[in-house]
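Each remark here refers to the structure printed beneath this line.
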Amino acid sequence: MSLPQPAVPLEDSCSTLFNNTLYTYTSQAFQSLPIVQGAIWADLSMGVAVSGGVCVKSTPPNNTAAAALWIVGGQSNDTNYQGLQRYTFADEKWETLTPSTAVTQNRLYHNAVYLNSSDSILIYAGTQDGSKQATSQTFTIQASEPYSVLAYEAFLAPPAISPLLIPWSESEAVYIGGSDTNTKAMLFSATSSWEDSNSTLAVPISDSSIKAVIINGDDSSKSMYTFDMSVSPNKVNRTILVDGNGNPVQNAQAQPHKRDLWEERPAKRVRRSTLTVADWPAYNDTLAPSSTRTAYSIARDQSGLVVISGGNESDVLCMFKARDNCWVNATQVLSKAQTDQASGLGSAVSAASVPSTTPSETTAASASSAAVSAASATSAPSMGNNSDPPVPVKVLGAVLGSILGFALLFLGILFLLRWRQKRRYYADLGHQRRSSGIPDEKDAMGFPGPRIATNEHDETSPWSRNQCFTGIFLINGNFDG
205 MSLPQPAVPL
215 EDSCSTLFNN
225 TLYTYTSQAF
235 QSLPIVQGAI
245 WADLSMGVAV
255 SGGVCVKSTP
265 PNNTAAAALW
275 IVGGQSNDTN
285 YQGLQRYTFA
295 DEKWETLTPS
305 TAVTQNRLYH
315 NAVYLNSSDS
325 ILIYAGTQDG
335 SKQATSQTFT
345 IQASEPYSVL
355 AYEAFLAPPA
365 ISPLLIPWSE
375 SEAVYIGGSD
385 TNTKAMLFSA
395 TSSWEDSNST
405 LAVPISDSSI
415 KAVIINGDDS
425 SKSMYTFDMS
435 VSPNKVNRTI
445 LVDGNGNPVQ
455 NAQAQPHKRD
465 LWEERPAKRV
475 RRSTLTVADW
485 PAYNDTLAPS
495 STRTAYSIAR
505 DQSGLVVISG
515 GNESDVLCMF
525 KARDNCWVNA
535 TQVLSKAQTD
545 QASGLGSAVS
555 AASVPSTTPS
565 ETTAASASSA
575 AVSAASATSA
585 PSMGNNSDPP
595 VPVKVLGAVL
605 GSILGFALLF
615 LGILFLLRWR
625 QKRRYYADLG
635 HQRRSSGIPD
645 EKDAMGFPGP
655 RIATNEHDET
665 SPWSRNQCFT
675 GIFLINGNFD
685 G
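The opening position of the sequence shown corresponds to residue 205 in my numbering, with each subsequent residue numbered one higher.
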């Protein structure tokens, strides 16, 4: 089995996940891939071809039909293009939009994110003259007509180049990284502009190739996963920005990768009902990809599934389950189930798909998940993991099996010795009968011969003589059978 291949390579792409489908945009093609068994890439109608744009998924409150993919900024050969276009998932059509101010035209080295509560798109950093330099330019664009633009002061926000900009809540986004010195986690809302979250990193994220997502715990915590796909095996770290009590963490460091070898983590255990800092799954690198990537894209859905695509033509994508803290066998998820003809039973080789989503972390996610059709839900059975059991489980099984085997062998020897002992007893008893002159057969008149009276405590009885010592002989191996 192998991963499905797109018709056009995913070079310098951006992507998003919606309705259990991955959408990827490049200057050459717009393609989609359902996250189901037997998935194949679809070549979709193309909007304006741009390079350097940012993919933003919008899910307007109470209007799932308006959910869309926006391409914000980027350079185009069309001099009239204002740097903003939208693909609506419901009608599968592109619209080229004109914001009230051309802040997105030719913008590069920026980032953008959708703010659900204000139905607007936040844009931070970047330049419009093609120069790669740190800026703190901040704008919001209303996601509906007339696409009004608002500019914000950014005294508190450190200037950045290609910063990480990630949804934080329904009304806020967090800015991290973007320079060699920035260790702050800055929050933005349309009503308050930039504010310091008071969460800081021990080490700044200066490499623009590192991507990140934030997962909300069920205990008010917030954990940031960072992905470095430039190393082999690929590296993922989890950093707690907000603890279980809702307090910001200062000098936050990546959590150590400790695996609990006495538990089957994560796929073979029962899925936990809650996710907390105290009970976060240990990192499982069993299926960590070894293929490196450059200029790749990252997308996540409301269940915590992360799909990393592009940057490597031979290995199109990989998957990570953030809430389970483990990598996923993407080939098994997407490949068509194969029938085992050799067995003659017609049994299908497992090729599981993505699990049903958990409750969303925001209203935006809830709106997105509501659009999932029943057909998609039924075509996505629970995802499995084909990793082997942990070492202690194997050892325990081997020990128990050995003990059981020795016990059966001992019982077999004991049974054999007891059988030989009884056989010898009856042989000795027959010898006594013959020595006393009592015939073994009935006499000629058909009456049985006289019965020899025996006493079970008679010391001459071989059985009485031996029965108290049989156990000792068996234990010492001195039984004379």
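Beta carbons are placed, not taken as given, at the ideal position from N, Cα and C, and that holds for glycine.
Under 8 Å by Cβ, that's how I've got residue i and residue j pegged, so tell me the actual separation to the nearest angstrom.
| i | j | result |
| --- | --- | --- |
| I418 | M428 | 5 Å |
| L354 | A416 | Not quite, the Cβ-Cβ distance comes to about 26 Å (not below 8 Å), so this is no contact. |
| A329 | Q341 | 6 Å |
| V258 | S280 | Going by Cβ atoms, the distance from V258 to S280 rounds to 14 Å, so no, they are not a contact pair. |
| S217 | V254 | In fact, because the Cβ distance is near 12 Å, the residues do not count as touching under 8 Å. |
| T308 | G334 | Actually they do not touch by this definition, with Cβ atoms about 14 Å apart. |
| Y313 | S366 | 5 Å |
| Q459 | R442 | 5 Å |
| M250 | A233 | 7 Å |
| L214 | S513 | 5 Å |
| A486 | G448 | Contact flag wrong, Cβ pair sits at about 17 Å. |
| A534 | S219 | That pair is no contact at about 14 Å. |
| S518 | M205 | About 15 Å separates the two Cβ atoms, so there is no contact after all. |
| Y351 | L301 | 6 Å |
| T704 | A394 | No statement about residue 704 is possible, as the shown extent of the chain runs from 205 to 685 and does not include it. |
State buried or exposed for residue i, treating a residue as buried only when at least 16 other CB atoms are found within 10 Å of its CB.
| i | result |
| --- | --- |
| G616 | exposed |
| N488 | buried |
| E349 | exposed |
| L319 | buried |
| N505 | In the sequence as presented, Asn is not what sits at residue 505; that position holds Asp. Answer is buried; the Cβ neighbour count reaches 16. |
| D528 | buried |
| F293 | buried |
| N267 | exposed |
| V603 | exposed |
| M433 | buried |
| W531 | buried |
| L479 | buried |
| I275 | buried |
| A584 | Residue placement at A584 is poorly supported in this model, since its pLDDT is 41, which falls under 50; the coordinates still yield a value, given next. Result: buried. |
| S425 | buried |
| R627 | exposed |
| L221 | buried |
| N315 | buried |
| A358 | buried |
| L445 | buried |
| G381 | buried |
Using the Cα positions of residue i and residue j, report the straight-line distance between them to the nearest angstrom.
| i | j | result |
| --- | --- | --- |
| Q337 | P363 | 9 Å |
| F610 | S477 | 42 Å |
| A211 | W245 | 7 Å |
| S375 | I325 | 11 Å |
| P493 | W484 | 22 Å |
| K439 | S501 | 15 Å |
| K297 | Y379 | 31 Å |
| Q235 | L248 | 5 Å |
| E299 | N455 | 44 Å |
| L391 | W372 | 8 Å |
| S304 | S436 | 45 Å |
| S322 | L237 | 30 Å |
| S495 | L207 | 14 Å |
| A377 | L273 | 18 Å |
| T339 | G277 | 15 Å |
| I327 | K525 | 28 Å |
| V537 | V317 | 29 Å |
| T498 | N224 | 25 Å |
| Q209 | T283 | 33 Å |
| L411 | V511 | With the sequence shown as reference, residue 411 is identified as Asp, and Leu is not the correct amino acid for it. The alpha-carbon atoms of D411 and V511 are separated by roughly 20 Å. |
| N420 | R290 | 28 Å |
| T490 | H461 | 12 Å |
| V240 | L226 | 11 Å |
| M523 | F431 | 11 Å |
| T331 | A361 | 16 Å |
| W623 | L613 | 15 Å |
| T228 | S401 | 32 Å |
| N621 | Y629 | The amino acid at residue 621 is misidentified as Asn; the sequence shows Leu. Going by the C-alpha atoms only, they are around 12 Å apart. |
Query raised in the report: Between the stretch 380-392 and the stretch 405-412, do three or more beta carbon pairs fall short of 8 Å?
Result: yes
**Report entry** Three-pair Cβ contact test at 8 Å for the stretch 259-266 versus the stretch 231-245
**Finding:** no
Requested in this report: Return the chain-ordered ranges of every beta strand (DSSP E) run that is complete within the stretch 304-390 and spans a minimum of 3 residues.
Outcome: 315-319, 324-328, 342-346, 353-356, 368-371 and 376-380
Query - Entirely enclosed alpha helix (DSSP H) segments - the stretch 211-295, minimum 4 residues - result: None, since the stretch 211-295 contains no complete alpha helix (DSSP H) of that length.
Requested in this report: May I have a chain-ordered list of the alpha helix (DSSP H) segments no shorter than 4 residues that lie completely inside the stretch 470-515?
Outcome: Here no run is fully enclosed.
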